[in-house]
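Note sheet for the following structure.
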Amino acid sequence: AATVFALPLCLTACATGTATGVRAAELRAASGSDLMSVPTEQSYEVSEFTILDSDEEAVGELSPSGYMVLSDGSITEARFVFTLPHLPEASFELDQPVALRTSEPVTANGTLSVLGLAKTDVAVRLLTTKLDADSAEFDVDFELPAEVQGLTGVPADLSAHAVLTAQDR
20 AATVFALPLC LTACATGTAT GVRAAELRAA SGSDLMSVPT EQSYEVSEFT ILDSDEEAVG
80 ELSPSGYMVL SDGSITEARF VFTLPHLPEA SFELDQPVAL RTSEPVTANG TLSVLGLAKT
140 DVAVRLLTTK LDADSAEFDV DFELPAEVQG LTGVPADLSA HAVLTAQDR
């Protein structure tokens, strides 16, 4: 009985499927949609970074360098390096892409490095104040991690205005 029962299972499991023909789905994009457009990518270079006080008045300008890559409304790469009065150098590198919104702030997470100390998952709030083919401007708010505050004496909460200039591709 065991042999008779095993034989049909083997034949069923080993049988090849029958060809039913090739089926293909037809995709169509509505006229005027950008579904099939090539993603656009634009690079920007930091040209100005101004620290603001609580009344949004300029307190001082840092010596900035760095870049940002914008692709279809999202920042896909960013690295900013600043020379602060109390520090030889500080840098922030974006860890994951962030989609920009025009009317509300977004949070960008990245790694902050100061004096050899790297702190991951540092949140920076960005509010886009200008974004066009020539430049990008952001109001920036962030809290320095306690470890960085202890090394630098810089206030915990910082606000700034960043200006970036588009680079030719």
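Following the numbering used here, the numbering of the sequence shown begins with 20 at its first residue and continues without gaps. We put the beta carbon where it would ideally sit given N, CA and C, even for glycine.
Hey, would you say residue i sits closer than 9 Å to residue j, going by beta carbons?
i, j, result
"I94", "L177", "no"
"L113", "G135", "no"
"T127", "V143", "Reading the sequence as shown, one finds Ala at residue 127 and not Thr. Against a cut-off of 9 Å, the Cβ pair of V143 and A127 comes out as a contact."
"L146", "V117", "no"
If contacts are defined as beta-carbon pairs under 8 Å, then residue i and residue j qualify, I think. What distance do you get, rounded to the angstrom?
i, j, result
"L119", "V125", "6 Å"
"T59", "S90", "7 Å"
Using a 10 Å radius around the Cβ and a threshold of 16 neighbouring Cβ atoms, would you call residue i buried or exposed?
i, result
"G92", "exposed"
"Q186", "exposed"
"V23", "In this prediction, V23 scores a pLDDT of 48, lower than 50, which makes its location untrustworthy; the coordinate-derived value is nonetheless stated afterwards. So V23 counts as exposed."
"A109", "buried"
"T121", "exposed"
Considering only residues of the same chain and omitting the five flanking positions on each side of residue i, which have a CB-CB separation below 7 Å?
i, result
"A179", "F68, T69, I70, L71 and V159"
"Q61", "L89 and A185"
"A137", "T130"
"A152", "A185"
"Q115", "N128"
Please return the same chain residues whose Cβ sits closer than 6 Å to the Cβ of residue i, not counting the five positions on each side in sequence.
i, result
"T184", "E64, S66 and S154"
"V182", "S66, E67 and E156"
"F111", "F99, G129 and L131"
"T139", "T130"
"K149", "E156"
Ignore the nearest five residues each way along the sequence and tell me which others in residue i's own chain have a CB closer than 8 Å to its CB.
i, result
"A25", "Confidence at A25 is low in this model, with a pLDDT of 48, below 50, so its placement is unreliable and the value that follows should be read with caution. Same-chain partners within the cutoff: there are none."
"A97", "G85, Y86, M87, V88, F111, E112, L113, A127 and G129"
"E123", "L146"
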